[in-house]
Amino acid sequence: MMLPAGAHLPSGQECAARVQHHHDQREPRPENAAANQFVADRVSMPTWKDFTAQANQQFVSRIDGHFTGSTGEILDWGA
């Protein structure tokens, strides 16, 4: 789903619900199955040097690592 520039971004939970509802949940890479189910206790994200301070504050802070799924679902959720 494309959002217009400046639109409010959906939460991680909203993105997860959209992905899990509309995505084929089969794992195309069986060797990834165990890692795909890992949920970190804590996520530490560095400041991304190529991002502006505003982008780091708005986007990097949203990355929490609280999503599990197939390789395709994880990529879709992050997008």
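Each residue of the sequence shown is one higher than the last, beginning at 17 in my numbering.
Note that beta-carbon positions come from the ideal geometry of N, C-alpha and C, so glycine has one too.
No experiment lies behind these values; they were computed from the predicted model shown.
Between the options, which has its C-alpha nearest residue i's C-alpha?
i: ASP92; options: GLY22, GLU30 and VAL55; result: GLU30
i: GLY85; options: ARG34, LEU19 and ALA21; result: ARG34
i: THR87; options: ARG45, LYS65 and PRO20; result: ARG45
i: GLY94; options: MET18, ALA32 and LEU19; result: ALA32
Note down, in chain order, each residue of its chain lying with its Cβ closer than 7 Å to the Cβ of residue i, except the 5 sequence neighbours on either side.
i: ALA56; result: GLY81
i: ILE79; result: VAL59 and MET61
i: GLU3; result: A query on residue 3 cannot be resolved here, the shown segment of the chain reaching from 17 to 95 and no further.
Assuming residue i is part of the alpha helix (DSSP H), what are its boundary residues?
i: ALA71; result: 69 to 74
i: ASP92; result: 87 to 94
i: ALA21; result: Segment: none, ALA21 is in no alpha helix (DSSP H) and carries neither H nor E.
i: ALA50; result: 49 to 52
Does the separation of the CB atoms of residue i and residue j fall below 9 Å?
i: GLN53; j: GLU89; result: no
i: VAL76; j: PHE67; result: yes
Rounded to a whole number of angstroms, what is the C-alpha to C-alpha distance between residue i and residue j?
i: GLY24; j: GLN74; result: One detail in the question is off: residue 24 reads as His in this sequence, not Gly. Whole-angstrom Cα-Cα distance: 11 Å.
i: GLY22; j: THR63; result: 22 Å
i: GLN41; j: GLY28; result: 18 Å
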